[in-house]
Each structure stands twice: as structure tokens, then as C-alpha cells.
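Here's the structure we're looking at; comments come further down.
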Amino acid sequence: MKPIIIIILTLVCLACKGQSQYIGVKTGLNRTNVTSNLYSDKEIKQSMIAGLTYDFHCQKNILLGAELLYEQRGCVLPLIFTNANGNPTGQKYNIPLDFRYLSVPLKIGYSTGRKLYVFGNIGFCPSFLLIASTKLPWFDISGNYIGDSTQIGTKNFSRFDLGGLMELGCGYKLNKKISIYSSAKYQHSVLSYTRNKPTKDYPSKHYGSSFNLGIIYRLSK
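What follows is the structure in C-alpha cells.
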């Protein structure tokens, strides 16, 4: 699969004339959740995304792109405290499910405009799990909250993820070499991250949106 993708991208690039290459950096905010029947209540998890970018601009405004990103995904599970009678006390603790990935988004898109430009991309995103963890609350013998305990569970989840993505953005060319841009991206996994029983019986997939800022530098034409 990987050699086929490389060959296709190479042939497309060779077919392009008047191409330009750009490298850059980007960072942003990830807002993620999961599709799963394993948890009765889930909330959006906010985290960071950052990394390096490479863009290959072909003639007729077609662009190809690849990125190397560090990103955090997951969700938040709300824990509602109750008294001896089972009634809510008004206290709440958020249990974060934290998945950290090294992602390699591969994109094809269209860009239009000169000084001020807009662009749109579609593509897919292979990702490799670095670590999966959660923080659980600790209580003393009287039931008082005393702190958190970080639990690592990387081996219980799939180490590879694959998702589709859509992205829209706009940018501004500061000069012939440097441009800045902002973009919004939606991404949804097609593979479940659960691997071992009993969680394997509850297919769960990542999804979410990110809002990014970046700067790119033109290498050549």
C-alpha cells in the first residue's frame, strides 16, 4: 500500500509544471470526541496540535501536501459525585481519556487568489499511537478527594489509526517567500482504536475538528 501511494504521488508531481515547494510549521487547537457505546456520557476534549508541513503547488492551482504532526485526541468522561442516598452533591470530576499520536496527513487540494488566497483540501491521515493514558481520582478513607493517579494503557489500544479529513482555510502572502494562514479541519477515523476484550466488543473511533495557524516558506519554483 505504501509503495503504491508513493508512486502515485511521484507521477502526479512529475506531471505538474511551474510547481512551487513550501515548508512550514503549524499549531492549533484540537476539539475531539469518540464514537462509542462503551461510555454512557462523553464530552469534548480540548488539546493541542503542532508540527511541520510540506506543500507542492502545481500549475492550475492544484496542491499536494504532507504533514508531520504531534496531536492529542480522546474525550472527557464526567464523573458526578453523589451522597449516601445516591443524590448528586454538585461536585464533578472530569476523567480525561488522552491519546497522543504522531500523524502524517496526506492531502490534495485547490488554492485560488494572489496576495490573499483561499484553499481547500481533502485527504487521509495515517496515525501512530505514542501513548494512551487517563487520570483517575484518589480518595481518602473518608471519601475526600486527595489527588490524581495517571494510568498508562497504551498496550490495550490499536497502535495504528486511519482517518479521512477535510480542510478549508485562507492565507496572506507577506512577500514572495513567506505566507501566513489559518485553517479549520474536520477529521474522522475509519478504524476502531479498541483492540483487547472486553473493549474490543465496543468499536470506538476518534473524530473532531482543529483550528490552526501556520507560516510557510517558499523553497523554489
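Residue 146 in numbering that gives the first Met the number 0 is what sits at position 147 of the sequence shown, and the numbering runs on without skipping anything. Every residue, glycine too, gets a C-beta built ideally from N, C-alpha and C. Since this is a predicted model, take the numbers as computed values, not measurements.
Cβ pair residue i, residue j closer than 9 Å
i: Ala183; j: Phe210; result: yes
i: Ser188; j: Lys176; result: no
i: Thr106; j: Arg72; result: Per the sequence shown, residue 106 should be read as Lys rather than Thr. No, the Cβ-Cβ distance between Lys106 and Arg72 is not below 9 Å.
i: Gly50; j: Val117; result: no
i: Ile61; j: Pro77; result: no
i: Ser39; j: Arg217; result: no
i: Leu115; j: Lys172; result: yes
Cβ neighbour criterion (16 or more within 10 Å) applied to residue i
i: Pro104; result: buried
i: Tyr100; result: buried
i: Gln186; result: buried
i: Arg30; result: exposed
i: Gly112; result: exposed
i: Thr193; result: buried
i: Lys59; result: exposed
i: Asp160; result: buried
i: Thr153; result: exposed
Backbone CA spacing between residue i and residue j [nearest angstrom]
i: Leu67; j: Gly85; result: 48 Å
i: Pro136; j: Gln150; result: 11 Å
i: Glu70; j: Leu164; result: 14 Å
i: Asn195; j: Thr133; result: 17 Å
i: Pro202; j: Leu190; result: 8 Å
i: Asp139; j: Gly146; result: 10 Å
i: Tyr180; j: Tyr92; result: 37 Å
i: Glu166; j: Tyr144; result: 42 Å
i: Tyr206; j: Asn32; result: 6 Å
i: Asp54; j: Gln90; result: 48 Å
i: Cys57; j: Ser110; result: 10 Å
Cβ shell of residue i (< 7 Å), same chain only, five flanking positions each side left out
i: Leu129; result: Arg99, Tyr100, Leu101
Nonlocal neighbours in the same chain, by C-beta distance under 6 Å from residue i, ignoring five residues either side
i: Ile215; result: Tyr21, Gly23, Ser178
i: Pro87; result: Ile79, Thr81
i: Leu96; result: Gly73, Cys74, Thr133
Cutoff 8 Å; reference residue i; Cβ partners in own chain excluding five residues on either side
i: Gly237; result: Outside the shown range of the chain, which is 0 to 220, sits residue 237, and nothing can be said about it.
| query | Can you list, in chain order, the stretches of the alpha helix (DSSP H) that have 4 or more residues and sit fully within the stretch 60–86? | reply | Listed in chain order, there is nothing to give.
| Complete runs of the beta strand (DSSP E) confined to the stretch 93–157 [at least 3 residues] | For the stretch 93–157, the continuous beta strand (DSSP E) assignments of 3+ residues that do not extend past its boundaries occur at 105–112, 115–138, 144–151, in sequence order.
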